[in-house]
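*Asks:*
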Amino acid sequence: MAKSTKKGPAGTSSGKVARKGKVKKPRRELDGFAVPFDPAAQLKAHGASGPKKSLPAAAAPRATADVLDRMWNVIESRKNADPAVSHSARLLAKGAPRIVQKLGEEAIECLIELVQGNRVGTIAESADLIYHLLVSWVHAGIRPEEVWQELQNRESVSYSTEGSRGTLKRLVGSANIGTTKIP
0 MAKSTKKGPA GTSSGKVARK GKVKKPRREL DGFAVPFDPA AQLKAHGASG PKKSLPAAAA
60 PRATADVLDR MWNVIESRKN ADPAVSHSAR LLAKGAPRIV QKLGEEAIEC LIELVQGNRV
120 GTIAESADLI YHLLVSWVHA GIRPEEVWQE LQNRESVSYS TEGSRGTLKR LVGSANIGTT
180 KIP
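Going by numbering that gives the first Met the number 0, the first residue of the sequence shown is number 0, and it counts up by one from there.
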């Protein structure tokens, strides 16, 4: 049995559940109107790298994790930019409550795509999530190297604790040192 959906401006759906048991698709706001967001359609319409012309696959440079440092630098440079022209500046100007809200929204959207098994959607929402995480780091004064160092520390602990018997992992677990962050 289908429930009727509430209509918003210009006949757009307000995002309510259209049918019983149907999962709502992620939505984006465009000039105040909620519109469906389909990452697959966006990739098809604009190519894998967005609206810019993309290079043929053979000529495209290999993407690496270095993009995270470059992205952080761009966001950091936009801290004092005009919020009217920079999305990053606008988010940073609104402060922690809005930054945290956006980070949470993107995390949930990423989880939805994962649960639905939508690979393309998961990639797109993961990129959104990472961008908003980087914005939160800039706001908090956290440099990427600090996070990379923490990951490296955990990596070395993980290597130390893995073994035929996992002795160090059991020892750390029994020492009650107040952390469960050992992979």
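For glycine and all other residues, C-beta sits at the position ideal for the given N, C-alpha and C.
1. Does the structure place the region 99 to 106 close enough to the region 71 to 80 that three or more beta carbon pairs sit under 8 angstroms?
2. So which of 138, 152, 121, 123 has the shortest CA-CA distance to residue 77?
3. Return the first residue and the last residue of the alpha helix (DSSP H) that residue 96 is part of.
4. Express the C-alpha separation of residue 142 and residue 128 in angstroms, rounding to a whole number.
5. Measure the C-alpha to C-alpha separation of residue 84 and residue 91 and round it to an integer number of angstroms.
6. I need the straight-line Cα distance from residue 184 to residue 109, nearest angstrom please.
7. Thinking residue 82 and residue 89 are a contact (beta carbons under 8 angstroms), I'd like their distance in whole angstroms, please.
8. When you compare each of 86, 64, 60, 63 to residue 134 by their alpha carbons, which one comes out closest?
9. Do we get a CB-CB distance below 8 angstroms when we pair residue 109 with the residues of chain B?
10. Apply the 10 Å Cβ neighbour rule to residue 130 and answer buried if 16 or more other Cβ atoms are within range, or exposed otherwise.
11. Between the C-alpha atoms of residue 116 and residue 105, what's the straight-line distance to the nearest angstrom?
12. Determine the burial state of residue 59: buried for a count of at least 16 other Cβ atoms within 10 Å of its Cβ, exposed for fewer.
13. Residue 132 to residue 157, Cα distance in whole Å?
*Replies:* Reading off the structure:
1. no
2. 138
3. 95 to 115
4. 17 angstroms
5. 13 angstroms
6. Since the first residue shown for the chain is 0 and the last is 182, residue 184 is missing from the structure and cannot be characterised.
7. 4 angstroms
8. 86
9. This model lacks chain B altogether, as it is built from one protein chain only.
10. buried
11. 17 angstroms
12. exposed
13. 24 angstroms
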